[in-house]
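S.K.: My questions will all concern the structure given below.
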Amino acid sequence: MIYRETGTFITSYIEDRKLFPIPFDKWAMALFMLFMVFVIPFIASDYWLAAHLIPILAYGTAALGLNLLTGMTGQLSLGTAGFMCFGAFFTFNIMLRSPEWMNLPLALMLAGTVTGVIGIIFGLPSIRIKGFYLLVSTLAAQYFALWFFRSYPYFLNYATATVTLPDHHFDLFGIGETFDVDMASFEAKYLLSLGIVTALALFAKNLMRSATGRNFMAVRDMDIAASVIGIPVIRTKMLAFFVSCFYCGVGGALFCYAYLQVLGIRTFEMNRSFEILFMVIIGGLGSIAGSFYGTILVYEFPILFSWAGDYIFKGAFDTAVVDNVAKIMYGILIIALLIREPGGLAALWATAKQKLRTWPFPH
Amino acid sequence: MKTKIWITGIAMATAMAVTAPPVMAEGEVYIPMPVYRVGPYATGGTGYFGGIIDYYTLMNMTEGGVGGMKIIWNECETNYNDQKGVECYHRQKEFQGKPALFFDPLSVGISTSLVAQGRKDKIAIIAVNHGRTEGQRGDVFPYYFMPGINTYDEHSIITAYIGQLEGGMENLAGKKITLLFHGSTYGREAVEFTHMLCEKHNCSSEAIEVPHPGNEQTSQWLKIRRSKPDYVVLRGWGVMNPVAMQTGVRMGFPISNLIGNIWSNDDGDVKPAGSSANGYQAITTHPTGRVASVIDEIVEKLYDQGMGDLEDKSRIGSNYWNLGVMAGVIHLEAVRVAQARFGPDVNSAQVRWGFENLNLDTARLTELGANGLVPEIKTNCMDHVGGHQAKFMRWVYAETKWEVASDWIDGDVELSQAIIDAKAENAVANEGITPRDCNDPAQRDDFEV
Amino acid sequence: MDFDWVFFIEIFVGGLMSGIMYSLVAIGFVLIYKSSGIFNFAQGTMLLFAALTFVKLTEGGVSFWVALPVSMGTMVVFGILVERFMMRPLANQSLLSLFMATVGLAILIEGFSQYMWDSAIHGLQLANFLDLALLDPVNMTIFVVDYVEWLDILISKFDIFATIVAGTMILILAVFFQKTRTGMSLRAVSDDHLAAMAVGIPLSRVWALVWAVTGIIALIAGLLWAERVSVSFTLVEAVLKALPVILIGGLTSIPGAIVGGLIIGVGEKMGEIYLGDLIGVQGIETWFSYFIALVFLLFRPSGLFGLKIIERV
Amino acid sequence: MAAGNPILQIDNITLAFGGVTALNGISFDVAEGEICAVIGPNGAGKSSMLNVISGVYVPQTGRVVFREQDCTRKRPRQIAQLGMARTFQNIALFQGMTVLENILTGRCMKIRSTWIEQGLNIGRARREEVENRRAVEEVIEFLHLQGIRKTPVGKLPYGLQKRVELARALVAEPIMLLQDEPMTGMNLEEKKDMSCFALEINREFGTTIVLIEHDMSVVMDISDHVVVLDYGAKIGDGTPDEIKNNRDVIDAYLGVTH
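Chains as they are written, first to last, in the numbering used here: chain U, 1 to 363; chain V, 364 to 812; chain R, 813 to 1125; chain A, 1126 to 1383.
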């Protein structure tokens, strides 16, 4: 009986608003973060960092961004990869074309802001167009982004196909030289991504439990009623586009900088948008933690499958068979999840937690 | 619930421990196989990796592997997807305790994504017949190899062939050549060079983009119909190729004047176009069909015994499969070159040196049974491409096969060197690369760059 | 330089013809949306699956007149399965969930059809099965200049064939909706699910029927697309173009799907050629159709033929 | 409650959808501090009237003046900012949120902190959350909603949902409150509660109330002023007693043809 809330009484409104009202949750989270920061970089191999943790953090950021827009504010978007593309290219160009003092976190924030503004532009039609009709605007963003960066090679610094992102972009205030650490190592990239993602997730969480978050959800649930009770609907939608695209932009930049280490257009094709949409659906629309659950599942699912193909069946099946079966299972998983629990993994987890709270005496 | 998670966790950990790889036997070398057998580009993947696997298997059977070391490999499905490819790379860097000797994903996206990483890990990234053209400069990109031809060779050879068709390069003057390219950085890469070539040979050129994926080309071919070029050079990829042939023919363009590039020359590109493709010509580094004795040997010792990697036997001798066999020959030759210097148990950095010192001349190719399939390839520190020559094939619809249409034609290496150098300089400036000095024998021969 | 009117007409005609191809896909979308309010994202993969089934059958030596009904039967079974295992359990959920489910369905079909068949590019030549002058691969084009001297434009015979097929299909659908009992119950369901159920229309049977009919439409559209551009996985993405088409048309209207298709077809060709020349960059087609749709939607937020929704509170 | 100056003036409003005229030249005044009931048979245009007042529909002709400002073409939000709050006929709560969150949205106009402050959870944003929460708790207590703060609104019974909606309107501290059929579908007990709330709100906060209601006994009991609509036209306007004796009104309700 480690998991309880019995005996914890709420005595003030501030306490009631805490992120982790249950002490166990708080300690578990703290422990988890300590583990992620101080243990993981030392025990995880390059493979785990480069091929699992870093991509999950990068994808998670973009998924969180989409969730803010689609899950929280109810504006369906298929342009996620397009916005990621903007973010990644802007970051690269800021780093490339600025003086010495520019550093990656600052460039990420700047690029995110510009991407957010672009998001507002493509979000403008949402004032008049609603529901599925809005898909067309985000699709336009998706294809426009690809076309734009393909057609104007200036943004790729006139390179062929891809640019390898140089290691010196990672150095922060000369830390690397001063302390003789490799700032471009996977450990450093992991910690940088983890820091950024944690900060962004915390920001999103705060935003969601404040007035802005309630405005987002009000607009999602019923925008006429929202406007009648005095919520600035248009401003709220635009803000949602801005914040969402900011996150997607940063996610895209992390995807290239921390994960792939190269910048190219192909990275951001339409499929990526779908992939991130699945992450959000499976994780749970409207849940911040859910964005990460979904990311982990969607990212790891095919890998787990091919891993199983390798080790359990010792390569008895063709990779094609394994991959196709994975796809079929994946489709069934999405449909089954929607039938059983439209709230996604986050809702499943919440139900489980609820049961756990009262365990072993459910009544 | 919590308990469940713990149990699952423990179970998984146990499973991992139980299935943990046994230590590999001595006398084996490991080569990763980042295949793609599903998705839109699966034809390429199954053919190419099928060819490689068949050649490796043959070598294991007949020669006990390479230099006395048995070749082992494992597959990882990339879907031709950059992100999955990178995951595969990290996963396959090591297998059963043996490090990978090199990594050949047959994908521009994956290979270019790994150029820097490969250098860090001292693992050579191989991109047969494609990739970042500046990668030719081995002093700047020591761990990146593109054996065969590069984009610029490809288009200078095509121009030379058009010259042959017109009865001499001087007859190119006043002709009009249109480049119909896939709307990607891959496609765009040839635009500038096509204009340069036409400038040199006094022809006029224009470039028309087909947006990805290329299954709607009405407006492009309407443009072509208006501008009436003498030749259209097709720089396509996947479904864009058959659609270009069909749409072109439907718009009344003579198919014999449509010349395909190196990624527009597969059976899978022409067969869907049906009779429209009859007489279509395309460049190739590795003629299709059973053109070399090594292929006959594979058929005899593998396929006739019910082995072999291709499910569909009719694809033996097809373009991608032959390319795979060609790649297999190059791979193992590099390993052998390295073994000759460093002994049989080579590491990846030593194999890199092997790739840099290939010398596949006709004599050696004949010895390997690959003459007629593989072009002559001689690499060095400054040239990681090495081949720079290709042939042409013509599709015969009635017999559903390609016929060889030309002899080996050399690329215009001088014209392309300037662009390649400029791009390499750009990479040096922006990617934080310190090039080595290829004229310094010490630096040149140091395998661990 | 003088404006080349003949070229303009040629682009226009070419645009109309590719527009028809988009419309063919869009009709399937509209049918499902009309009857169940579902935005069926799997339409593209259904098209691919249907065409692939047919092509693989004929490649395996099955004759056209066997392969066609077999593929149709497959699509009908598919429709019934979708209704039973997806629609029915999801019946009372939000439209967004249903949309997501169709996305899941799309992945499932994609995996399944690669598992069953393969993922290579396949060609299809209907002329091998149907002895029609319009499908003759040798004389595929009509040059108007042969008849009208100054009018050097080209029309593809195959496009005429596609137009005829599309027209016939719409006619059959119209008759089906207006005259038959099943068709009428379909319309009733699309107007009001609950009311339709109240008067005794079996909802699940109607939905199964709609999915089956949509499957057959997907097959026909798939065959035409296959003949025109071959069958491959990129069809799925090309079919995304049907999205602006139905949005312009207004999601619920079949004539809307046709008109939308023509607008997008002509619009994107014009954009590619004239706007592309103007700004000196090519490849505008990829996003231009979505911009056209946006412009239309800004003026008519529920499409040209869509029902104008009065928002009630 | 004594009637004061007119706080809301409806002047010759006409509203049509396509060819259907929902409201036809309606004019009436609502005095400050009174409870005004709008009654009429189904389809009389009552809800449309409320939608025009709160800015959801824009009428073709006529003027709506609220607190001496022309609100005819103002957006709903601008009208809300002038001090108008409302409830809806078909409950318009935010279904994805809890009771507490729903009621908190009613405080949206009191928020001064920016979204960045809120995201960082610093200074003003933190203080405002607590202030708003305090205001909400007062209303929760007033309407007896204590036990269901964290319940998703979708899981509540109909009557309670209506009450949550009222709470959401009240926390905005409105000068005028519009209620669209607050008691429909309720049992007698709940109706009593609801009418008590209306009277208390009116008395304690001096809020002017305009409500639409079918139950005549309730209307006659609590309202100071009754407006009767029928087929989009006004057929009666006066005190409850005057209305009770109005010939047209009786005919309309009994369905007598002239």
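Don't be surprised by glycine CBs; every beta carbon is placed ideally from N, CA and C.
All of these numbers come straight from a predicted model, not from anything done at the bench.
Taking just the CA atoms, how far does Glu922(R) sit from Thr1239(A)?
M.R.: Position 114 of the fourth sequence, counted from the start, is the residue given in the question as residue 1239(A). Position 110 of the third sequence, counted from the start, is the residue given in the question as residue 922(R). Thr1239(A) and Glu922(R): Cα-Cα distance of roughly 46 Å.
S.K.: Output the residue ranges of the alpha helix (DSSP H) runs that lie fully inside the segment 545-591 of chain V and measure 4 residues or longer, sorted by chain position.
M.R.: 548-551, 554-563 and 581-590
S.K.: Between Gln261(U) and chain V, is the shortest Cβ-Cβ distance under 8 Å, so that the two count as touching?
M.R.: Numbered from 1 along the first sequence, position 261 holds the residue referred to as residue 261(U). Judged by the 8 Å Cβ criterion, Gln261(U) is in contact with chain V.
S.K.: Could you check what DSSP says for Lys353(U) in three-state terms: helix, strand or coil?
M.R.: Counted from its first residue, the first sequence places residue 353(U) at position 353. If DSSP states are grouped into helix, strand and coil, Lys353(U) belongs with the helices.
S.K.: For Ile850(R), return the contacting residues in chain U, with the cut-off set at a CB-CB distance below 9 Å.
M.R.: Taking the third sequence and counting its residues from 1, the one referred to as residue 850(R) is at position 38. Correct list: empty, because the minimum Cβ distance to chain U is about 10 Å.
S.K.: Under the rule that 16 or more other beta-carbon atoms within 10 Å means buried, what is Phe876(R), buried or exposed?
M.R.: In the third sequence, counting from the first residue as 1, residue 876(R) sits at position 64. Answer is exposed; the Cβ neighbour count stays below 16.
S.K.: Let me know the secondary structure DSSP gives Thr113(U) once reduced to three states.
M.R.: Taking the first residue of the first sequence as 1, we reach residue 113(U) at position 113. Helix.
S.K.: List the residues of chain U that Gly1244(A) touches, going by C-beta distances under 7 Å, in chain order.
M.R.: Counting from 1 along the fourth sequence, the entry for residue 1244(A) is found at position 119. What Gly1244(A) touches in chain U: Phe203, Asn206 and Leu207.
S.K.: I need the straight-line Cα distance from Ile1076(R) to Leu76(U), nearest angstrom please.
M.R.: For the purposes of this step, residue 1076(R) is identified with residue 264 of the third sequence, where counting begins at 1. For the purposes of this step, residue 76(U) is identified with residue 76 of the first sequence, where counting begins at 1. Their backbone Cα atoms lie some 22 Å apart in a straight line.
S.K.: By the three-class DSSP mapping on this structure, what secondary structure does Asn1130(A) have?
M.R.: One-based indexing of the fourth sequence puts residue 1130(A) at position 5. DSSP places Asn1130(A) in coil when its eight states are reduced to three.
S.K.: For Gly1357(A), which option in Ile1326(A), Thr1139(A), Glu1338(A) and Glu1266(A) has the closest C-alpha, if you only look at C-alpha atoms?
M.R.: Counting from 1 along the fourth sequence, the entry for residue 1357(A) is found at position 232. Residue Thr1139(A) is the option with its Cα nearest to Gly1357(A).
S.K.: Per DSSP, what kind of secondary structure is Pro384(V) in: helix, strand or coil?
M.R.: As a working mapping, residue 384(V) is identified with position 21 in the second sequence. With a pLDDT of only 44 at Pro384(V), under 50, the local geometry of the prediction cannot be trusted, and the value read off the model is given with reservation. Pro384(V) falls in the coil class under three-state DSSP.
S.K.: Which class does Ser847(R) belong to by DSSP, given the choice of helix, strand or coil?
M.R.: One-based indexing of the third sequence puts residue 847(R) at position 35. Reduced to three states, the DSSP call for Ser847(R) is helix.
S.K.: State the DSSP-derived secondary structure class of Trp48(U), mapped to helix, strand or coil.
M.R.: Along the first sequence, one-based indexing puts residue 48(U) at 48. Taken through DSSP and simplified to helix, strand or coil, Trp48(U) comes out as helix.
S.K.: Check whether the segment 446-454 of chain V and the segment 722-736 of chain V touch, using three or more Cβ-Cβ pairs below 8 Å as the test.
M.R.: Flag = no, the segment 446-454 of chain V and the segment 722-736 of chain V do not touch.
S.K.: Does the beta-carbon of Gln358(V) have 16 or more other beta-carbons within 10 angstroms, so that it is buried, or is it exposed?
M.R.: What is shown of chain V runs 364 to 812, which leaves residue 358(V) out entirely.
S.K.: Compile a chain-ordered list of the residues in the segment 1319-1332 of chain A whose CB is closer than 8 Å to at least one CB of chain U.
M.R.: Those would be none; no residue qualifies.
S.K.: Are there three or more Cβ pairs, one per stretch, closer than 8 Å when the segment 83-98 of chain U is compared with the segment 310-324 of chain U?
M.R.: no
S.K.: Enumerate, from N- to C-terminal direction, the unbroken alpha helix (DSSP H) stretches of 4 or more residues contained entirely within the segment 36-99 of chain U.
M.R.: 40-43, 54-66 and 80-97
S.K.: If you follow the beta strand (DSSP E) that Gly1363(A) is part of, which residue opens it and which one closes it?
M.R.: Numbered from 1 along the fourth sequence, position 238 holds the residue referred to as residue 1363(A). Looking at the DSSP string, the run of the beta strand (DSSP E) that includes Gly1363(A) is Ala1358 to Gly1363.
S.K.: Less than 8 Å between the beta carbons of Val612(V) and Ile933(R), yes or no?
M.R.: The residue labelled residue 612(V) in the question sits at position 249 within the second sequence. The residue labelled residue 933(R) in the question sits at position 121 within the third sequence. No. Outside cutoff.
S.K.: Is Phe616(V) near the ligand ADP, going by C-beta to nearest heavy atom under 7 Å?
M.R.: Looking at this structure, you won't find the ligand ADP or any other ligand, since it has none at all.
S.K.: Given that a residue counts as buried once 16 or more other Cβ atoms are within 10 Å of its Cβ, and exposed if not, what is Leu907(R)?
M.R.: For the purposes of this step, residue 907(R) is taken as the residue at position 95 of the third sequence. Looking at its Cβ environment, which holds fewer than 16 other Cβ atoms inside 10 Å, Leu907(R) is exposed.
S.K.: Please report the straight-line C-alpha distance between Pro384(V) and Gly410(V), rounded to a whole angstrom.
M.R.: Your numbering for residue 384(V) matches position 21 in the second sequence. Your numbering for residue 410(V) matches position 47 in the second sequence. Note on Pro384(V): pLDDT 44, under 50, position unreliable in the model; the coordinate value appears next. Each residue's CA atom was taken as its position, placing Pro384(V) and Gly410(V) some 29 Å apart.
S.K.: Hey, would you say Gly252(U) sits closer than 8 Å to Ala88(U), going by beta carbons?
M.R.: Numbered from 1 along the first sequence, position 252 holds the residue referred to as residue 252(U). Numbered from 1 along the first sequence, position 88 holds the residue referred to as residue 88(U). Cβ distance < 8 Å, so Gly252(U) and Ala88(U) count as in contact.
S.K.: Please confirm whether Leu68(U) and Ser244(U) have their CB atoms less than 8 Å apart.
M.R.: Residue mapping note: residue 68(U) aligns to position 68 of the first sequence, counting from 1. Residue mapping note: residue 244(U) aligns to position 244 of the first sequence, counting from 1. In this structure, Ser244(U) lies closer than 8 Å to Leu68(U) by Cβ.
S.K.: From which residue to which residue does the alpha helix (DSSP H) around Asp770(V) run?
M.R.: Looking up residue 770(V) in the second sequence gives position 407. That residue, Asp770(V), is in no alpha helix (DSSP H); it is neither H nor E in DSSP.
S.K.: Report the CB separation of Ile224(U) from Val1181(A) in whole angstroms; it is logged as a contact under 8 Å.
M.R.: The residue you call residue 224(U) lines up with position 224 of the first sequence. The residue you call residue 1181(A) lines up with position 56 of the fourth sequence. Yes, they are in contact, since the Cβ atoms of Ile224(U) and Val1181(A) sit about 6 Å apart, within 8 Å.
S.K.: Once you ignore the five residues that flank Glu895(R) on each side, which residues in its own chain have a CB closer than 7 Å to its CB?
M.R.: In the third sequence, counting from the first residue as 1, residue 895(R) sits at position 83. Excluding residues within five positions, the ones whose Cβ falls inside 7 Å are Ser1016, Trp1019, Ala1020 and Trp1023.
S.K.: In the DSSP assignment, find the beta strand (DSSP E) that holds Gly156(U) and state where it starts and stops.
M.R.: Taking the first sequence and counting its residues from 1, the one referred to as residue 156(U) is at position 156. Contrary to the premise, residue 156(U) reads as Leu rather than Gly in this sequence. Unbroken run through Leu156(U): none, as it is neither H nor E.
S.K.: Suppose you measure from the CA of Leu464(V) to the CA of Asp800(V); what does that come to, to the nearest Å?
M.R.: Sequence index remark: in the second sequence, residue 464(V) carries index 101 (1-based). Sequence index remark: in the second sequence, residue 800(V) carries index 437 (1-based). Each residue's Cα considered, the two are about 24 Å apart.
S.K.: State yes or no: is the beta carbon of Leu64(U) nearer than 8 Å to at least one beta carbon in chain R?
M.R.: Here the question's residue 64(U) lines up with position 64 in the first sequence. It does not: the Cβ of Leu64(U) has no partner Cβ on chain R nearer than 8 Å.
S.K.: Out of Asn604(V), Phe466(V), Val573(V) and Tyr594(V), point me to the one whose CA is closest to Ser1044(R)'s CA.
M.R.: Within the third sequence, the letter at position 232 stands for residue 1044(R). For the residues Asn604(V), Phe466(V), Val573(V) and Tyr594(V), the minimum Cα distance to Ser1044(R) belongs to Asn604(V).
S.K.: Determine the direct distance from the alpha carbon of Ala1141(A) to that of Ile1160(A), and round the result to whole angstroms.
M.R.: To locate residue 1160(A), count along the fourth sequence from 1; it is residue 35. To locate residue 1141(A), count along the fourth sequence from 1; it is residue 16. Their Cα atoms are separated by approximately 28 Å.
S.K.: Answer with buried or exposed for Gly979(R), where buried requires no fewer than 16 other C-beta atoms within 10 angstroms of its C-beta.
M.R.: By 1-based counting over the third sequence, the position of residue 979(R) is 167. With fewer than 16 Cβ atoms within 10 Å of its Cβ, Gly979(R) is classed as exposed.
S.K.: Taking the straight line between their C-alpha atoms, what separation do you get for Trp584(V) and Leu597(V)?
M.R.: Your numbering for residue 584(V) matches position 221 in the second sequence. Your numbering for residue 597(V) matches position 234 in the second sequence. C-alpha separation (whole angstroms): 12 Å.
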